[in-house]
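*Asks:* Before I ask anything, here is the structure I am working with.
Residue numbers (my numbering): 131 to 349.
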């Protein structure tokens with residue numbers, strides 16, 4: 131990582147630490163006492179004058195503030211200790227996890243080749259899909275918003291419209307997106323995982339579907 135990138139990382143981490151501390155009404159002294167760090171050192175970190183501290187110190191600072199440690203680890207250049215310990219026996223994987231955030235696809239490919247990874251395995255993870263790439267409709271596909279999902283669940287009484295199951299529910303397109311379906315309310319229903327897999331990409335569901343805002347769909 132370049133010096134400029136390191137400085138940017140330090141400033142981002144410091145500002146995040148300072149914001150979390152102030153939001154929860156903690157002082158630098160509170161964090162220093164809990165984490166066993168010098169107050170002056172924490173102040174330097176918050177100002178972006180010092181790089182993010184060790185993994186254990188990040189975890190201790192998070193506990194002192196009362197925040198999720200992942201929030202701070204996400205803006206540091208380090209992995210949580212439990213995650214790093216879980217994969218420390220696989221150094222190549224650990225390096226990839228650390229580098230994937232900053233390296234381009236070509237750089238990662240060169241790294242894998244240099245470490246003896248079979249080219250065919252690399253290519254298998256990077257297969258182009260012309261049928262999808264050239265389909266502008268699929269490229270423009272937008273996820274269903276959380277609010278719309280909740281609305282559809284209420285419309286269908288939180289149960290699968292095909293089998294009335296109340297477990298493992300998903301929001302399903304009556305007419306699949308791949309066949310011209312849309313994210314309009316009339317085309318969305320609640321469906322359990324089993325029925326969704328059974329339906330797959332069929333253009334019509336296996337049963338009639340009634341809905342408050344939907345037209346009847348014949349089997």
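By construction, the Cβ of each residue, glycine as well, lies at the ideal position given by its N, Cα and C atoms.
Smallest Cα separation from residue 306: which of 299, 158 and 316?
*Replies:* 316
*Asks:* Let me know if residue 149 comes out buried or exposed under the rule of 16 or more other beta-carbons within 10 Å of its beta-carbon.
*Replies:* exposed
*Asks:* Fully enclosed by the segment 271-305, which beta strand (DSSP E) runs are 3 residues long or longer?
*Replies:* 299-303
*Asks:* Near residue 269, which residues of its chain fall below 6 Å by C-beta distance, leaving aside the five closest residues on each side in sequence?
*Replies:* Note that residue 269 has pLDDT 43, beneath the 50 cutoff, so the model's placement of it is unreliable and no number is given.
*Asks:* Among 291, 281, 325 and 185, whose alpha-carbon lies nearest the alpha-carbon of residue 314?
*Replies:* For residue 314, the nearest C-alpha among the options comes from 281.
*Asks:* With DSSP as the reference, label residue 167 as helix, strand or coil.
*Replies:* coil
*Asks:* To the nearest angstrom, report how far apart residue 170 and residue 303 are at their CA atoms.
*Replies:* 57 Å
*Asks:* Is the beta carbon of residue 195 less than 8 Å from the beta carbon of residue 154?
*Replies:* yes
*Asks:* Tell me whether residue 266 is buried or exposed, calling it buried when 16 or more other Cβ atoms sit within 10 Å of its Cβ.
*Replies:* The predicted position of residue 266 is uncertain, since its pLDDT is 44 and thus under 50; no value can be drawn from it.
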